[in-house]
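Residue numbers (the numbering used here): 1379 to 1707. So the structure is just underneath, and the comments pick up after that.
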Amino acid sequence: MPTLKIDHNDAGQRLGRYLKKALPGMPVNHIFKLLRTRKVRVNGHRARSDLILEKGDEIILHMDDTQFKQDSRRRKRKATGMDFTVVLEDEHLLVVSKPPFIPVHPGAGHTHNSLIDQVHAYLEAQTCPDVFRPSLAHRLDRDTSGLLLIGKSVSVLQKLSRMLKEGRVEKRYLALAAGIPEPKKGTWEFEVKRRDVPGKSTGGPRGRKDQAGRTSYRVATTRKLSQEKGPPIDVSLLVLKLHTGRTHQIRSHLNQAGHPLAGDIRYGDRLLNKLLRKRYNLRRQFLHAFRLGFTHPETGKKLNLADPYPQDLKSIAQSLRLGRDLPPR
């Protein structure tokens, strides 16, 4: 009978979650049937799916060895390149610079070559994969570039997730926005009204209630964009700090504050977007996660990482004289 041994990378997971990763070829309902029919034993005892696994636990599966080999076979990675840049890496975690136009996870319309696919392919080229696969501690929109934090083990990922939830990871973004916020420094506290649900202009997906979010901002510089007809358009380069991590938080908050994000086709200003696309070839939202600060969860070392403008934003930043270097913290 197949036997699995829990090591430090797998400890801390629920049994059901572990089995999904250990048996990627087995339908989820079959996994829970194994549990329900007492065909999964942990240290000789029947176990429930919510059992928290510990290092050294021994799992015995009452199933055919041939079927186990088939169901435990990992799917071939669907990554065609390495578009990200490694900013920091050690045995515990990985920080990468994500380029624009790549989703962090596979989804509708993009079933392969996501960022996490590329990260898995990169890491598995260095070492043999185990049951736990490195995972993102947080996310960025498809068209947003910048720094992302990845945990290489369950324990480190859990620590990073807790740090993010408790506000102990500092995330700062650069955003080009319409108009000039007054005052020049402050905090927005609005519900995050999302527009990513077909047929629904506001509100969370699947009927979920909008969640409150908190975003601090600072005006780094302002510029005027001339038009062929009409008065110049004011724009501001903003430094933004997230206190909460809601999906589309920055984009929704900027829109609600009356300063929509440049290049944002869902929440932005159509006239400004058209002008920037025609004049500077801006083909996505001007939003870049440029700084990441946190204390390393294992070594205790304080880390402050910075990511310069990617190439597509660098050209418009130079044209508008937004600064060669990144603005101060």
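Here a beta-carbon is modelled for each residue, glycine too, at the ideal position from N, C-alpha and C. All values derive from a computational prediction rather than experimental measurement.
Is the stretch 1585 to 1599 close to the stretch 1611 to 1624, with three or more CB pairs under 8 Å?
Yes, they touch.
Could you please give the first and the last residue of the uninterrupted beta strand (DSSP E) stretch that includes Thr1599?
Thr1599 -> beta strand (DSSP E) spans 1590 to 1603.
Count the other CB atoms, across all protein chains shown, that sit within 10 Å of the CB of Gln1689; report buried if there are 16 or more and exposed otherwise.
When all chains shown are included, Gln1689 counts as exposed.
What's the gap between the Cα of Lys1447 and the Cα of Leu1382?
Taking the straight line from one Cα to the other gives about 12 Å.
Tell me the DSSP secondary structure of Lys1543 in three-state form.
Lys1543: helix per DSSP, three-state reduction.
Taking 7 Å as the limit between beta carbons, can you name the residues of its chain near Ile1494, skipping five residues before and five after?
Around Ile1494: Val1482, His1483, Leu1514.
Using CA atoms only, rank isn't needed, just tell me which of Lys1433, Asn1491, Leu1439, Leu1471 is closest to Leu1412.
That would be Leu1439, whose Cα lies nearest to the Cα of Leu1412.
Less than 8 Å between the beta carbons of Gly1434 and Ile1384, yes or no?
Yes. Within cutoff.
Starting from Ile1694, trace the alpha helix (DSSP H) both ways and give me its first and last residue.
Run containing Ile1694: 1689 to 1697, per the alpha helix (DSSP H) assignment.
Is Asp1685 helix, strand or coil by DSSP?
DSSP places Asp1685 in coil when its eight states are reduced to three.
Measuring only the C-alpha atoms, how far is Arg1657 from Arg1517?
Near 30 Å, if we compare the C-alpha coordinates of Arg1517 and Arg1657.
Using only the alpha-carbon positions, how far apart do Val1473 and Tyr1500 sit?
Their Cα atoms are separated by approximately 13 Å.
Comparing C-alpha positions only, which one of Pro1478, Leu1526, Asp1519 sits nearest to Val1497?
Minimum Cα distance to Val1497 is reached at Leu1526.
Let me know the secondary structure DSSP gives Asp1642 once reduced to three states.
Of the three classes helix, strand and coil, the one that applies to Asp1642 here is coil, per DSSP.
If you compare alpha carbons, which of Glu1569, Leu1681, Leu1654, Thr1522 is closest to Lys1602?
Taking only the C-alpha atoms, the option nearest Lys1602 is Leu1654.
For the alpha helix (DSSP H) that Gly1326 lies in, which residues bound it at each end?
Shown here, the chain extends from 1379 to 1707; a query on residue 1326 therefore has no answer.
Rounded to the nearest angstrom, what separates Leu1393 and Leu1429 at their Cα positions?
Their Cα atoms are separated by approximately 5 Å.
Please determine, among Thr1415, Arg1426, Gln1663, the residue with the shortest C-alpha to C-alpha distance to Gln1391.
Nearest of Thr1415, Arg1426, Gln1663 to Gln1391, Cα basis: Arg1426.
For Met1379, count neighbouring C-beta atoms within 10 Å of its own C-beta (all shown protein chains included) and say buried if the count is 16 or more, exposed if not.
Looking at its Cβ environment, which holds fewer than 16 other Cβ atoms inside 10 Å, Met1379 is exposed.
Output needed for Arg1787: all residues of its chain with C-beta closer than 7 Å, excluding positions within five of it in sequence on either side, in chain order.
Here the chain covers residues 1379 to 1707 and nothing more, so residue 1787 does not appear.
From which residue to which residue does the alpha helix (DSSP H) around Thr1677 run?
That residue, Thr1677, is in no alpha helix (DSSP H); it is neither H nor E in DSSP.
Whose C-beta lies closer than 6 Å to the C-beta of Arg1662 among residues of the same chain, with five residues either side of it excluded?
Answer for Arg1662: Pro1478, Asp1521, Gly1641, listed in chain order.
Locate the alpha helix (DSSP H) running through Ile1430, then write down its first and last residues.
Segment: none, Ile1430 is in no alpha helix (DSSP H) and carries neither H nor E.
Who are the Cβ neighbours of Arg1624 in its own chain at under 6 Å, not counting the five residues just before and after it?
Around Arg1624: Val1570, Gln1589, Gly1591.
Can you name the start and end residues of the alpha helix (DSSP H) that Val1497 belongs to?
Taken as a continuous stretch (DSSP letters only), the alpha helix (DSSP H) holding Val1497 covers 1493 to 1502.
According to DSSP, is Lys1652 part of a helix, a strand, or is it coil?
In the structure shown, Lys1652 sits in a helix (DSSP, three-state: H, G or I).
Am I right that Asn1633 and Ile1643 are in contact with their C-beta atoms under 8 Å? What's the rounded C-beta distance?
Asn1633 to Ile1643, Cβ: 12 Å. No contact.
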